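**Student:** Residue numbers (the UniProt record's numbering), protein chains in the order written: chain A, 1 to 341; chain B, 1 to 341; chain C, 1 to 341; chain D, 1 to 341. Just dropping this structure here.
Number of protein chains: 4
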Amino acid sequence: MRIGVLTAGGDCPGLNAVIRSVVHRAVAGHGDEVIGFEDGFKGLLDGHYRPLDLNAVSGILSRGGTILGSARLERNRLREAAENWHELSERTGIDALIPIGGEGTLTASRMLSDVGMPVVGVPKTIDNDINGTDRTFGFDTAVGVATEAIDRLKTTAESHQRVMVVEVMGRHAGWIALESGMAGGAHGICLPERPFEVDDLVKMVEERFARGKKFAVVCIAEGARPAEGSMPYEKGAIDQFGHERFTGIGNRLASELEKRLGKEARPVILGHVQRGGTPTAYDRVLATRFGWHAVEAVHRGDFGKMTALTGTEITTVPLAVGVEELKTVPEKRMYEAESVF
Amino acid sequence: MRIGVLTAGGDCPGLNAVIRSVVHRAVAGHGDEVIGFEDGFKGLLDGHYRPLDLNAVSGILSRGGTILGSARLERNRLREAAENWHELSERTGIDALIPIGGEGTLTASRMLSDVGMPVVGVPKTIDNDINGTDRTFGFDTAVGVATEAIDRLKTTAESHQRVMVVEVMGRHAGWIALESGMAGGAHGICLPERPFEVDDLVKMVEERFARGKKFAVVCIAEGARPAEGSMPYEKGAIDQFGHERFTGIGNRLASELEKRLGKEARPVILGHVQRGGTPTAYDRVLATRFGWHAVEAVHRGDFGKMTALTGTEITTVPLAVGVEELKTVPEKRMYEAESVF
Amino acid sequence: MRIGVLTAGGDCPGLNAVIRSVVHRAVAGHGDEVIGFEDGFKGLLDGHYRPLDLNAVSGILSRGGTILGSARLERNRLREAAENWHELSERTGIDALIPIGGEGTLTASRMLSDVGMPVVGVPKTIDNDINGTDRTFGFDTAVGVATEAIDRLKTTAESHQRVMVVEVMGRHAGWIALESGMAGGAHGICLPERPFEVDDLVKMVEERFARGKKFAVVCIAEGARPAEGSMPYEKGAIDQFGHERFTGIGNRLASELEKRLGKEARPVILGHVQRGGTPTAYDRVLATRFGWHAVEAVHRGDFGKMTALTGTEITTVPLAVGVEELKTVPEKRMYEAESVF
Amino acid sequence: MRIGVLTAGGDCPGLNAVIRSVVHRAVAGHGDEVIGFEDGFKGLLDGHYRPLDLNAVSGILSRGGTILGSARLERNRLREAAENWHELSERTGIDALIPIGGEGTLTASRMLSDVGMPVVGVPKTIDNDINGTDRTFGFDTAVGVATEAIDRLKTTAESHQRVMVVEVMGRHAGWIALESGMAGGAHGICLPERPFEVDDLVKMVEERFARGKKFAVVCIAEGARPAEGSMPYEKGAIDQFGHERFTGIGNRLASELEKRLGKEARPVILGHVQRGGTPTAYDRVLATRFGWHAVEAVHRGDFGKMTALTGTEITTVPLAVGVEELKTVPEKRMYEAESVF
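Structure (structure tokens):
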């Protein structure tokens with residue numbers, strides 16, 4: 001067989017581990033050929049690819065990023081791919097495609113699968129918000145980076161009797177904020193899933209100071225928003241790439257807390273350090289297993305699926321399940337974490 | 001309510017996180033009192049304990065070890081505990097006990113439960129070999145430490161064209177070797193679950209050298225053993241504490257490989273660094289959830305159980321399930337890892 | 001003897017290591033008594049202090065922050081201290097004071113010394129900009145944190161063909177930017193010591209893209225400023241605490257580069273994670289040696305001095321030397337780093 | 001100019017950083033050509049080398065090991081090199097050689113320099129025992145790895161009321177033991193420079209237990225030896241490579257302490273993890289500066305020298321100075337560390 005592999009969407013620790021594992025299993029295990037498309041679906045459309053043998057993936061297991069590059073695909077080009085998938089497959093000689101990516105990539109994969117392309121997706125997101133799988137690789141690394149930051153910030157907060165507001169990634173789902181907040185022992189956690197009342201945060205900090213704990217750490221997801229009327233909140237300026245820039249919720253909340261508390265509050269916006277660099281052991285194992293099982297799925301013709309973690313097993317679930325809704329933090333996980341506001 | 005908590009058995013990153021979480025949930029959530037017994041079951045028997053309030057567990061989330069201490073319990077004293085549990089409970093005023101520990105501790109807990117003591121266990125082992133739960137806290141930290149070591153050893157192995165043999169923990173189950181071997185990209189993995197053929201390892205190394213990869217890393221569990229007749233193997237001397245000392249399988253295998261290959265092979269015995277120190281974010285979250293749910297189980301009278309991870313949920317399973325058999329690495333996980341010998 | 005110790009100014013990894021070392025050397029080595037003033041000079045003025053024995057400093061070597069707390073002192077209260085130092089010494093019974101702090105603290109120490117108080121200062125700053133010592137503790141940790149961040153950001157930059165702008169600490173001296181930029185292999189480094197030309201950065205990035213390296217990382221000190229006319233630059237709004245908030249140079253530069261290059265550029269503002277948390281081994285050793293030698297200086301009556309690293313030796317230099325000028329990055333270090341703009 | 005570079009001797013974090021820096025400075029700074037000899041002096045003798053341009057050293061700054069490989073050289077082949085250096089230079093076209101290595105390599109470099117070869121050495125050792133330079137790269141990384149291990153072991157020691165004996169590298173000089181022992185807060189430190197009395201260690205542990213600190217950590221250099229008559233000590237078996245195997249001082253001391261104290265004592269032999277893997281920021285900066293200055297020395301004809309750190313400056317000192325004696329831990333540093341036995 002000849003299998004194509006590509007990575008698309010945002011950077012995520014573990015991408016290279018999946019690529020390596022696909023090559024190991026396909027080439028060494030089945031005697032397949034593997035080719036890697038460059039810069040995501042673009043490489044498929046433009047015929048930019050290179051053969052991947054064992055040497056090509058040597059030493060990449062622990063490296064962040066993706067040796068294949070990644071790029072966003074415009075919608076019309078995706079349609080082009082769907083319409084010409086047969087020709088594209090023929091031209092590149094592939095019998096199956098393994099796209100590694102997030103929600104957008106899996107949606108594209110589903111489209112290609114729906115028109116007949118033999119596709120097995122591998123879900124990828126540091127946000128852990130893809131449906132149908134217990135976890136995604138990259139998430140553990142992101143939580144680890146955020147937790148280490150909170151650990152560091154706590155000592156400063158305590159020494160200076162300050163409030164620290166740490167903004168972590170998560171536009172629509174608050175998994176990183178939830179787990180790094182729990183792991184770091186944050187006193188307040190704010191998630192996109194539940195609008196927060198600033199008053200409650202103020203009260204929590206004041207109660208801490210009152211019983212002699214003269215500092216607090218709040219961990220807030222970038223997508224968290226205050227409850228209606230809870231604090232002044234206008235949408236920031238939108239840049240040419242569609243992002244609301246430099247006026248994130250972390251900065252705003254720190255400013256608001258400082259004003260209301262009359263105590264120093266400092267924001268820290270972790271940003272892209274959460275999504276790059278060497279993956280944790282957990283993510284390397286999960287990514288490696290995903291790659292291995294994606295090749296197995298290809299060989300048993302289990303197309304239109306994506307790999308998934310279900311308990312301790314790697315399974316496959318329909319791509320349709322993966323993209324049908326975002327997996328957000330359920331109420332009971334918030335309840336259990338106690339410090340979610 | 002008044003809840004007793006104790007930690008028993010070997011050190012394990014996350015013990016303090018469980019203790020803290022039990023106190024937070026019980027005291028802040030339910031208005032309970034919590035007391036901590038010192039040095040495991042000994043503290044229960046000898047009446048050595050101290051009250052644990054929120055301040056007592058402040059700042060311990062990220063700390064390794066256990067603030068309560070831990071100690072092995074002789075079998076006859078355990079019988080003593082079982083016979084007098086009612087009096088012991090009365091003397092200390094506890095309505096329920098949360099013992100945090102490994103197989104031995106859970107077996108003891110089951111004994112106490114069988115005679116009527118209200119017990120909810122929390123499983124603990126860096127080895128990940130307790131039945132009935134997907135994972136135990138401490139395991140992720142151990143795998144992380146071992147993986148970082150393999151990462152480091154690989155560069156030396158490569159620069160010096162050497163074979164490195166890394167011995168990791170795991171007397172009866174090879175989970176740490178399996179996952180750190182996968183995460184570190186070890187070329188050979190040896191587990192207690194499957195006797196290894198030295199010839200196969202020799203062949204693997206020679207094939208690597210033949211295709212220009214002039215180094216290899218073997219990750220071996222301390223409990224792994226060569227197949228009958230595969231290499232000279234006599235049991236080492238046993239010290240006063242019952243351990244086979246200084247002649248572990250890592251040293252023996254490195255020596256044997258060096259002899260057969262005629263190439264330098266170096267053993268590294270990771271030892272106790274795998275079981276101490278600050279827990280990973282993953283382990284802190286799991287430990288915190290276990291503690292929280294143990295208190296909930298106490299409050300709903302769900303005794304004779306232990307907390308467990310089942311997929312993404314924390315559940316409780318009978319203590320009997322937890323101790324009925326060791327959870328070892330199944331065949332399919334070995335197959336999937338490819339480099340298991 | 002009875003020695004007072006206090007920590008003042010911003011958080012800095014290694015403060016606790018100094019405190020511990022002072023206590024170890026004074027109490028165990030000389031049979032002294034040590035008291036710790038709370039929240040810097042405030043504790044001295046208000047008579048808030050506590051005895052520090054070996055148990056009081058147990059386990060703090062690796063902990064960030066300061067067990068004594070820290071606070072800014074208003075200028076008029078400092079005068080109060082200088083005028084009443086004799087009475088203050090008498091009231092607290094101290095024979096000598098060891099203040100641990102940055103430029104402000106050392107200036108205050110010098111004032112106290114000038115009026116006759118027996119003072120031995122210990123210099124502290126993550127910025128490494130105190131004169132008279134080769135290095136200060138805290139700096140190595142800050143550089144380590146920043147370097148790890150750059151390592152992580154590089155893989156994302158490369159995978160996404162982006163420019164990453166990392167803003168690190170350093171208002172007046174660029175040591176952190178210089179060394180973390182070198183250690184992380186940043187392609188551009190901007191320091192407060194030398195106004196940068198945006199055009200040069202643009203050219204550097206374009207040349208990289210031209211030769212196939214389709215990403216770049218710029219490491220910029222928070223105090224770096226563009227050369228006159230090099231890019232639009234107005235001072236940001238000043239908050240109630242006198243800080244220019246939320247409009248730092250990192251954000252501005254990323255925005256400007258994106259506009260000029262027509263490529264995605266992302267800012268990451270590391271902020272307070274650089275100044276908290278567990279110190280590196282290097283900083284622990286340096287801090288421990290500083291503490292030890294401060295006590296020795298006290299015992300030989302070597303007052304009006306601060307400890308300093310000179311090559312491999314710990315020496316003392318006059319406080320006047322430490323505060324006479326800021327130690328900034330000299331031209332030749334910039335030249336040597338090559339990527340300084 | 002055409003400059004040759006090679007790495008020889010044991011693995012050391014930072015080797016790749018030197019190679020990269022030599023290439024950057026020579027190629028980009030001076031328009032030189034650089035060639036890299038493979039496997040140390042062997043590559044020079046056998047004419048195995050490859051050109052090193054900017055792309056060849058891309059991404060290696062943070063990687064452990066050496067892209068050029070390393071190997072021991074037999075003494076007679078070294079003589080061969082000395083006798084034929086002129087021909088070797090001509091054959092490979094080099095105008096100068098930059099050997100990066102430890103004592104053996106620098107001695108060889110001196111021999112080559114003495115017969116007229118234009119050589120600038122770069123000193124390398126994780127042991128920090130080369131004369132004439134304040135520090136060598138690799139040392140900081142080794143100390144960091146050892147310190148993290150001690151941090152981890154301490155929590156286990158404390159939880160289990162045990163003595164932990166950590167054996168770190170250092171056959172002839174105890175720098176790693178000294179600094180990691182200080183940074184980790186070891187209660188006993190044993191160095192090759194001073195035979196230790198087991199009785200003193202026993203007394204220290206007993207005193208700790210007596211005042212309620214029921215654990216201890218001893219950090220011992222592999223080359224440390226007990227004082228005459230202090231404990232039974234016979235030399236272990238010597239293997240085919242000349243090493244005394246599997247019977248190191250760490251194991252012996254733990255065994256002896258256990259016997260004398262009647263308490264559990266556990267050895268941990270850190271081994272090769274100390275010498276591989278990604279270098280710390282400190283080591284990357286030092287290695288980069290060494291590489292840069294080695295090229296400058298070549299260009300100003302400053303041959304027969306090695307680069308050195310002198311305070312904050314990089315200087316050059318005669319190779320003769322670097323190899324005239326081992327830089328061991330002086331008495332005053334032991335005194336200052338307090339816990340050296």
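All C-beta atoms, glycine included, are put in the ideal place defined by N, C-alpha and C. Just so we're clear, the structure is a prediction, and the values are computed from it rather than from any experiment.
For a quick check, are the C-beta atoms of Leu319 (chain B) and Ser159 (chain B) less than 9 Å apart?
**Tutor:** Residue numbering aside, residue 319 (chain B) sits at position 319 when the second sequence is read from its first letter. Residue numbering aside, residue 159 (chain B) sits at position 159 when the second sequence is read from its first letter. Cβ atoms of Leu319 (chain B) and Ser159 (chain B): not closer than 9 Å.
**Student:** Taking DSSP as the reference, what is the three-state secondary structure of Phe246 (chain C)?
**Tutor:** Counted from its first residue, the third sequence places residue 246 (chain C) at position 246. Below a pLDDT of 50, predicted positions are generally treated as unreliable, and Phe246 (chain C), at 47, falls in that range; no measurement from the model is reported.
**Student:** Are Val218 (chain C) and Val273 (chain C) close, meaning C-beta to C-beta below 9 Å?
**Tutor:** Position 218 of the third sequence, counting from 1, holds the residue named residue 218 (chain C). Position 273 of the third sequence, counting from 1, holds the residue named residue 273 (chain C). Not closer than 9 Å, so no.
**Student:** Going by beta carbon distance, what residues of the same chain come within less than 7 Å of Ala227 (chain D), once the five residues before and after it are set aside?
**Tutor:** Counted from its first residue, the fourth sequence places residue 227 (chain D) at position 227. Contacts found: Pro195, Phe196, Glu197.
**Student:** Suppose the cutoff is 8 Å on Cβ atoms and the five residues either side in sequence are ignored; what does the same chain contact list for Asp199 (chain D) look like?
**Tutor:** On the fourth sequence, residue 199 (chain D) is found 199 positions in, with the first residue counted as 1. Contacts found: Ser230.
**Student:** Which class does Gly322 (chain C) belong to by DSSP, given the choice of helix, strand or coil?
**Tutor:** Taking the third sequence and counting its residues from 1, the one referred to as residue 322 (chain C) is at position 322. If DSSP states are grouped into helix, strand and coil, Gly322 (chain C) belongs with the helices.
**Student:** Quick one: is Ile269 (chain D) near chain B, going by C-beta distance under 9 Å?
**Tutor:** Against the fourth sequence, residue 269 (chain D) aligns to sequence position 269. Yes, Ile269 (chain D) lies at the interface with chain B (some Cβ there is under 9 Å from its Cβ).
**Student:** Put Met169 (chain B) into one of helix, strand or coil per three-state DSSP.
**Tutor:** Indexing the second sequence from 1 puts residue 169 (chain B) at position 169. Of the three classes helix, strand and coil, the one that applies to Met169 (chain B) here is coil, per DSSP.
**Student:** Measuring straight from C-alpha to C-alpha, what distance separates His24 (chain C) and Asn251 (chain D)?
**Tutor:** In the third sequence, counting from the first residue as 1, residue 24 (chain C) sits at position 24. In the fourth sequence, counting from the first residue as 1, residue 251 (chain D) sits at position 251. Cα-Cα distance, rounded: 30 Å.
**Student:** Which term fits Ser109 (chain A), buried or exposed, when burial requires 16 or more other beta carbons within 10 angstroms of its beta carbon?
**Tutor:** As a working note, residue 109 (chain A) is residue 109 in the first sequence. Burial call: buried.
**Student:** Using C-beta distances below 8 Å, list every residue in its chain close to Ile3 (chain D), excluding the 5 sequence neighbours before and after it, in chain order.
**Tutor:** Within the fourth sequence, residue 3 (chain D) is the residue found at index 3, counting from 1. Correct list, in chain order: Val22, Ala26, Asp32, Glu33, Val34, Ile35, Ile94, Asp95, Ala96, Leu97, Ile98, Val295, Val298.
**Student:** Contact criterion: CB-CB distance below 9 Å. Does Arg300 (chain B) meet it with respect to chain A?
**Tutor:** The residue you call residue 300 (chain B) lines up with position 300 of the second sequence. No - not a single Cβ of chain A is within 9 Å of the one on Arg300 (chain B).
**Student:** Under the rule that 16 or more other beta-carbon atoms within 10 Å means buried, what is His187 (chain D), buried or exposed?
**Tutor:** As a working note, residue 187 (chain D) is residue 187 in the fourth sequence. Result: buried.
**Student:** Does Ala224 (chain C) have its Cβ less than 9 Å from a Cβ in chain D?
**Tutor:** Position 224 of the third sequence holds residue 224 (chain C). No, its Cβ sits nowhere closer than 9 Å to a Cβ of chain D.
**Student:** Whose Cβ in chain D lies nearer than 8 Å to the Cβ of Arg63 (chain B)?
**Tutor:** Here the question's residue 63 (chain B) lines up with position 63 in the second sequence. Those are Thr155, listed as they occur along chain D.
**Student:** Quick check on the burial criterion: 16 or more other C-beta atoms within 10 angstroms. Buried or exposed for Arg135 (chain B)?
**Tutor:** Position 135 of the second sequence, counting from 1, holds the residue named residue 135 (chain B). Buried, because 16 or more other Cβ atoms sit within 10 Å of the Cβ of Arg135 (chain B).
**Student:** Under a three-way DSSP split, which group does Thr133 (chain A) fall into?
**Tutor:** By 1-based counting over the first sequence, the position of residue 133 (chain A) is 133. Residue state, collapsed to three classes: coil.
**Student:** Which residues in the same chain as Leu61 (chain A) place their Cβ atom closer than 8 Å to its Cβ, once the five residues preceding and following it in sequence are excluded?
**Tutor:** Taking the first sequence and counting its residues from 1, the one referred to as residue 61 (chain A) is at position 61. Asn16, Ala17, Arg20, Arg284, Thr288.
**Student:** Which residues mark the beginning and the end of the beta strand (DSSP E) in which Ala265 (chain B) is found?
**Tutor:** For the purposes of this step, residue 265 (chain B) is taken as the residue at position 265 of the second sequence. 265–269 is the extent of the beta strand (DSSP E) around Ala265 (chain B).
**Student:** If I'm right that Gly14 (chain D) touches Pro279 (chain D) with Cβ under 8 Å, what's the distance once you round it to whole angstroms?
**Tutor:** As a first step, residue 14 (chain D) is located in the fourth sequence; it is residue number 14 there, counting from the start. As a first step, residue 279 (chain D) is located in the fourth sequence; it is residue number 279 there, counting from the start. Their Cβ separation, rounded to whole angstroms, is 5 Å, which keeps Gly14 (chain D) and Pro279 (chain D) in contact under 8 Å.
**Student:** Taking contact to mean at least 3 C-beta pairs separated by less than 8 Å, is the stretch 325–333 of chain D in contact with the stretch 124–134 of chain D?
**Tutor:** Because the criterion of three Cβ pairs below 8 Å is met, the stretch 325–333 of chain D and the stretch 124–134 of chain D touch.
**Student:** Could you tell me if Glu282 (chain B) is buried or exposed, where buried requires 16 or more neighbouring beta carbons within 10 angstroms of its beta carbon?
**Tutor:** In the second sequence, the residue the question calls residue 282 (chain B) occupies position 282. First, the amino acid is wrong: residue 282 (chain B) is Tyr here, not Glu. When all chains shown are included, Tyr282 (chain B) counts as buried.
**Student:** Measuring straight from C-alpha to C-alpha, what distance separates Thr7 (chain A) and Gly64 (chain C)?
**Tutor:** As a working mapping, residue 7 (chain A) is identified with position 7 in the first sequence. As a working mapping, residue 64 (chain C) is identified with position 64 in the third sequence. Rounded to whole angstroms, Thr7 (chain A) to Gly64 (chain C) spans 40 Å at the Cα level.
**Student:** Can you find a C-beta in chain C that's less than 9 Å from the C-beta of Ala28 (chain D)?
**Tutor:** For this step, residue 28 (chain D) is matched to residue 28 along the fourth sequence. Chain C contact via Cβ: present.
**Student:** Considering only the beta carbon of each residue, do Thr105 (chain A) and Val317 (chain A) sit closer than 9 Å?
**Tutor:** Residue mapping note: residue 105 (chain A) aligns to position 105 of the first sequence, counting from 1. Residue mapping note: residue 317 (chain A) aligns to position 317 of the first sequence, counting from 1. Against a cut-off of 9 Å, the Cβ pair of Val317 (chain A) and Thr105 (chain A) comes out as no contact.
**Student:** Return helix, strand or coil for Glu338 (chain C), following the three-state DSSP convention.
**Tutor:** As a position in the third sequence, residue 338 (chain C) is number 338, starting the count at 1. If DSSP states are grouped into helix, strand and coil, Glu338 (chain C) belongs with coil.
**Student:** So Gly181 (chain C) and Ala337 (chain C) are supposed to be a Cβ contact under 8 Å. How far apart are they, rounded?
**Tutor:** Here residue 181 (chain C) refers to the residue found at position 181 when the third sequence is read from its first residue. Here residue 337 (chain C) refers to the residue found at position 337 when the third sequence is read from its first residue. That belief holds up - the Cβ atoms of Gly181 (chain C) and Ala337 (chain C) are roughly 7 Å apart, short of 8 Å.
**Student:** Under 7 Å Cβ-Cβ, which residues of chain D neighbour His24 (chain C)?
**Tutor:** Residue numbering aside, residue 24 (chain C) sits at position 24 when the third sequence is read from its first letter. Result: Glu338.
**Student:** Met164 (chain B) by DSSP, collapsed to three states: which one?
**Tutor:** On the second sequence, position 164 is the one that residue 164 (chain B) refers to. Met164 (chain B): strand per DSSP, three-state reduction.
**Student:** Tell me which residue opens and which closes the beta strand (DSSP E) that Leu309 (chain B) is part of.
**Tutor:** Here residue 309 (chain B) is taken as the residue at index 309 of the second sequence, counted from 1. Leu309 (chain B) -> beta strand (DSSP E) spans 305–310.
**Student:** Per DSSP, Arg50 (chain A) is paired with what?
**Tutor:** Against the first sequence, residue 50 (chain A) aligns to sequence position 50. Note: Arg50 (chain A) sits in a beta bridge opposite A:Gly36.
**Student:** Please work out which residues of its chain come closer than 7 Å, Cβ to Cβ, to Gly43 (chain A), disregarding the five sequence neighbours upstream and downstream, and give them in chain order.
**Tutor:** Translated into positions along the first sequence, residue 43 (chain A) becomes position 43. Answer for Gly43 (chain A): Leu6, Phe37, Tyr49, listed in chain order.
**Student:** Tell me whether His86 (chain C) is buried or exposed, calling it buried when 16 or more other Cβ atoms sit within 10 Å of its Cβ.
**Tutor:** Here residue 86 (chain C) corresponds to residue number 86 of the third sequence, with the count starting at 1. With fewer than 16 other Cβ atoms within 10 Å, it is exposed.
**Student:** Taking the alpha-carbon of Gly102 (chain D) as reference, which of D:Phe303, D:Phe137, D:Glu83, D:Val57 has the nearest alpha-carbon?
**Tutor:** On the fourth sequence, residue 102 (chain D) is found 102 positions in, with the first residue counted as 1. That would be D:Phe137, whose Cα lies nearest to the Cα of Gly102 (chain D).
**Student:** How should Asp46 (chain B) be labelled, buried or exposed, when 16 other C-beta atoms within 10 angstroms of its C-beta is the threshold for buried?
**Tutor:** Position 46 of the second sequence, counted from the start, is the residue given in the question as residue 46 (chain B). Its Cβ having fewer than 16 others within 10 Å, Asp46 (chain B) is exposed.
**Student:** Would you report the Cα separation of Met169 (chain D) and Asp302 (chain D), rounded to the nearest angstrom?
**Tutor:** What you label residue 169 (chain D) is simply residue 169 of the fourth sequence in a count that begins at 1. What you label residue 302 (chain D) is simply residue 302 of the fourth sequence in a count that begins at 1. Taking the straight line joining both Cα atoms gives about 33 Å.
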